[in-house]
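So the structure is just underneath, and the comments pick up after that.
Residue numbers (the working numbering): 2 to 208.
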């Protein structure tokens, strides 16, 4: 068991020791899987595309992880007891604030995935303008027909877009627009081994 930042990251070996049981008297060990979640806030989904670009390397770790929540799977509610959560995108709405706070409460390790989550990046470009002016420009001034600002079911925008660490504690930052699939795979692999990922030379801001 590796202890880091006041949370416990279980490597497969130590989890196996803790969950060791007898399987039909043959002495085989049962290994608990690491519960992983991914989500996005105000972003373009490019970081999730990079995650998918890990391709066949996912097979190497498939027996060690359980994807419990993600836009890539059919899960409606963020679960309790998540080991590692990857968050893409910046915080730009009231709904985003509530979501990231819930995720932080239910995650042992929180990873800011990509430049939008780390710095605000492209979504934060609207910080130079008033929210009302932005909505008017998008839905009134440039509308081809039926110009109106949508209200029903639309999250209320905050005055400023901020990175996720402006609202909650973040344990790891993986910049990039998007981060490379190799960097994402390395980070996951290191966490599975109970090590703090050394991302020097493996990540960078921008494309």
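For every residue, glycine included, the Cβ atom is placed at its ideal position computed from N, Cα and C.
{"Asked": "Rounded to the nearest angstrom, what separates residue 79 and residue 104 at their Cα positions?", "Found": "7 Å"}
{"Asked": "Residue range of the alpha helix (DSSP H) that residue 107 falls in?", "Found": "95-107"}
{"Asked": "If you reduce the DSSP assignment to three classes, tell me which class residue 132 lands in.", "Found": "helix"}
{"Asked": "Using three-state DSSP, classify residue 120 as helix, strand or coil.", "Found": "helix"}
{"Asked": "Going by C-alpha distance, which of 106, 188, 101, 193 is nearest residue 199?", "Found": "188"}
{"Asked": "Just curious, the alpha helix (DSSP H) that residue 61 is in, first and last residue?", "Found": "58-62"}
{"Asked": "According to the neighbour-count rule (16 or more other Cβ atoms, all chains shown, within 10 Å of its Cβ), is residue 128 buried or exposed?", "Found": "exposed"}
{"Asked": "Cβ atoms of residue 48 and residue 179: under 7 Å apart, would you say?", "Found": "yes"}
{"Asked": "How many whole angstroms separate the CB atoms of residue 119 and residue 176, which I take to be in contact at a CB cut-off of 8 Å?", "Found": "5 Å"}
{"Asked": "Decide if residue 64 is buried, meaning its Cβ has at least 16 other Cβ atoms within 10 Å, or exposed.", "Found": "exposed"}
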